[in-house]
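First residue of the sequence shown: 220, per this note's numbering; consecutive thereafter. From the three backbone atoms N, C-alpha and C, an ideal C-beta is built for every residue, glycine too. Only a predicted model underlies this, so the values are computations on that prediction, with no experimental measurement involved.
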Amino acid sequence: MVPDAEFSSYYGTPVLNRPTWKALDIAGYLYLGGLAGASSLLAAGGRLTGRPGLEVPAKLGAAGGISLSLAALVHDLGRPARFLNMLRVFKPTSPMSVGSWLLAGYAPLALTAAATEAAGRCRRLGSAATLGSAVLGPAVATYTAVLLADTAVPSWHEGYRELPFVFAGSAATAASGLA
């Protein structure tokens, strides 16, 4: 028989450190961000095809989802300044930097689309915000897959080709269920 393998590093410490993030915050951030991004795409589809029964709940779901997602992210980071510090520089090779800028561009658009719908005013602004959030929505729904795959955790890194599709499917399912 083959003996059980024992893994240790050179100094006798674990090969991988335990994650420092809070599980519920990050799970909420991932789920709600995906739901928001896909909901914006559904809202634009409802807008373009004349289906207000799809458009309105999707807009409100996108606004609520991104608000709660950002709240979970900031809670996990400990203080809002840590998120704002990511916006000082745009680094295209960093998934975290790209994601921060995506969120900074997407959130105001999704919130504007929902606010104009709820108020019943500024329809042109609302239409533009709806289409803008639909453009950024798919990236918001899937960038976290790239972020997770770009880590030292082997099980996440090995799935770097498939993870964006898994996240897109999960986001589409969540948004469809909400609308």
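Alpha carbon to alpha carbon, how far is residue i from residue j?
i: residue 368; j: residue 376; result: 4 Å
i: residue 374; j: residue 337; result: 43 Å
i: residue 308; j: residue 322; result: 14 Å
i: residue 216; j: residue 347; result: Outside the shown range of the chain (220 to 398) lies residue 216, about which nothing can therefore be said.
i: residue 396; j: residue 280; result: 11 Å
i: residue 317; j: residue 232; result: 33 Å
If you measure between the beta carbons of residue i and residue j, is that distance less than 8 Å?
i: residue 254; j: residue 393; result: yes
i: residue 290; j: residue 398; result: no
i: residue 325; j: residue 288; result: no
i: residue 341; j: residue 349; result: no
i: residue 332; j: residue 360; result: no
i: residue 165; j: residue 284; result: Summary: the structure shown does not reach residue 165, with the chain confined to residues 220 through 398, and so no result is reported for it.
Starting from residue i, follow the alpha helix (DSSP H) in both directions and report where the run begins and ends.
i: residue 257; result: 242–267
i: residue 314; result: 314–338
i: residue 377; result: No alpha helix (DSSP H) contains residue 377, which DSSP labels as neither H nor E.
i: residue 309; result: Segment: none, residue 309 is in no alpha helix (DSSP H) and carries neither H nor E.
i: residue 276; result: 271–296
i: residue 391; result: 382–397
Segment contact flag, the stretch 256–263 with the stretch 348–358, C-beta cutoff 8 Å, min 3 pairs: These segments touch.
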